[in-house]
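Peer 1: In this text, residue positions in the sequence shown follow full-length UniProt numbering: the first is 1, and each later residue adds one.
For every residue, glycine included, the Cβ atom is placed at its ideal position computed from N, Cα and C.
Let me begin by handing over the structure; questions about it come next.
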Amino acid sequence: MSLRLVDLYNSAGQSAWLDNLQRSYVTSGYLKELIDQGVRGLTSNPTIFQKAIQSSSDYDEQFFAELGRGLSTSDAYWKMVIADIIGAAELFHPVYEQSHKVDGYVSVEVDPRLARDTQGTIAAARQLRASINRPNVMIKIPATTEGLPAITQMVAEGCPVNVTLIFSLERYDEVIEAFLAGLEQRSKDGLSLEGVHSVASFFISRVDSEIDTRLSQSSHPSAQDLMGTSAINQARLAYQLFTDRFSGSRWETLKARGAEFQRPLWASTSTKNPSYTDTMYIDELIGPHTVNTIPEATMHAFIDHGSVSTTINKDVSVSRQQWSLLSECGVDVQEVALKLERDGLDSFVQSFEDLMESLRQKSKA
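Okay, here's the thing in structure tokens:
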């Protein structure tokens with residue numbers, strides 16, 4: 001058995017989480033095997049649940065039982081999701097305890113249709129948290145402008161939060177501010193900051209896919225050389241922002257009261273371009289106090305032939321230079337980030353609505 005994931009954490013300080021979940025993973029013992037190999041947490045999203053529920057009959061018994069109890073299709077869906085999240089959270093609970101509540105989390109996303117609704121997101125996050133009622137579950141909240149106040153509020157309530165769909169350094173800075181503001185509000189309310197954990201999910205491969213498309217249309221002499229560099233460069237600059245923001249007097253005051261870092265989490269780390277190595281977005285983004293949530297095929301590739309060494313601080317000056325060159329090549333990185341945010345939200349909403357329609361049809365069968 002390869003212990004590369006164990007080595008990733010022990011020698012480099014990066015936690016490997018699995019970016020997938022389906023019921024058979026819990027019931028078959030497969031997820032437990034991955035935990036034994038060094039997987040330290042798990043993330044889910046509406047697309048993952050759409051694939052899980054539509055591609056197997058594992059959920060049929062519970063689905064029809066929930067309908068038989070008078071639940072709506074939507075409520076039955078959430079019951080199935082919650083059952084999977086609880087099952088996974090129980091398997092990860094030993095990791096949660098052994099890591100002093102740093103790892104061992106299972107992430108579940110609020111209804112993606114609420115991404116532009118601050119109060120709706122807060123209400124949904126509270127309801128999900130109460131329904132699941134497990135300490136090692138993170139509620140995923142999108143890093144939209146409307147999501148930022150919801151992040152602050154849920155952190156102030158002591159809820160573990162996974163901030164998702166971050167595509168720019170500017171938005172990441174706002175996410176850190178939302179987290180710190182939540183901690184400060186919680187401290188002001190006289191509540192403990194210990195055990196209030198959060199991750200900020202910075203999406204990786206989609207950045208290269210979008211920027212590479214634009215670079216391929218640029219006549220600038222540097223455009224070709226920049227292909228396949230943007231996602232890693234931006235993530236390395238994000239890590240510099242992380243180290244800057246989680247230092248200094250403001251952070252030290254919170255840390256003295258028991259606060260923990262909001263760790264950067266690298267998401268969407270499978271390579272979309274077949275000319276790039278399949279473990280590129282793991283190998284090149286390794287560093288302390290980080291998480292990489294890894295799709296299953298990419299995880300097995302990394303276990304087989306990945307490389308473990310600290311790379312997140314490598315050539316940061318080059319990353320900064322190449323990142324600034326993008327504008328000269330006609331790439332507006334802010335416009336790219338907004339497009340990717342819209343596309344990401346639209347994709348999750350589409351997955352959710354497609355699954356709801358599929359379940360409605362199944363309920364009539």
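What does the Cβ neighbour count give for S222, buried or exposed, with the cut at 16 atoms within 10 Å?
Peer 2: exposed
Peer 1: Sort D103, V6, I151, M299 by Cα distance to E184 and report the nearest one.
Peer 2: Relative to the Cα of E184, the nearest Cα in the group D103, V6, I151, M299 belongs to I151.
Peer 1: Which same chain residues end up closer than 8 Å to Y59 when comparing Cβ atoms and leaving out the 5 residues on each side of it in sequence?
Peer 2: Answer for Y59: R23, A52, I53, M80, listed in chain order.
Peer 1: When burial is assigned at 16 or more other CB atoms within 10 Å of the CB, is Y105 buried or exposed?
Peer 2: buried
Peer 1: Would you tell me roughly how many angstroms separate the C-alpha atoms of E252 and I139, rounded to the nearest one?
Peer 2: In a straight line, the C-alpha of E252 is about 26 Å away from that of I139.
Peer 1: My output table needs one value for N292: the three-state DSSP class, helix, strand or coil.
Peer 2: strand
Peer 1: Quick one: grab the DSSP three-state call for F203.
Peer 2: strand
Peer 1: Count the other CB atoms within 10 Å of the CB of S216; is the residue buried (16 or more) or exposed (fewer)?
Peer 2: Looking at its Cβ environment, which holds fewer than 16 other Cβ atoms inside 10 Å, S216 is exposed.
Peer 1: For the segment 179–197 against the segment 119–134, do three or more pairs of beta-carbon atoms, one drawn from each stretch, fall closer than 8 Å, so that the two count as touching?
Peer 2: no
Peer 1: So is E335 buried or exposed if we call it buried at 16+ other beta carbons inside 10 Å?
Peer 2: exposed
Peer 1: Which value, in whole angstroms, describes the spacing of the CA atoms of K32 and M299?
Peer 2: 15 Å
Peer 1: Decide if D19 is buried, meaning its Cβ has at least 16 other Cβ atoms within 10 Å, or exposed.
Peer 2: buried
Peer 1: Contact between the segment 112–121 and the segment 142–157 is defined here as three or more beta-carbon pairs at a separation below 8 Å; is this criterion met?
Peer 2: The segment 112–121 vs the segment 142–157: in contact.
Peer 1: At 3 residues or longer, what runs of the beta strand (DSSP E) sit wholly inside the segment 56–142?
Peer 2: 106–109, 137–142
Peer 1: Answer yes if the segment 198–211 comes into contact with the segment 338–353, meaning at least three C-beta pairs across the two stretches below 8 Å, and no otherwise.
Peer 2: yes
Peer 1: Within its chain, find whatever has a CB closer than 6 Å to the CB of Q62; leave out the 5 residues flanking it on each side and keep chain order.
Peer 2: M80
Peer 1: Who pairs with P264 in a beta bridge, going by DSSP?
Peer 2: A200
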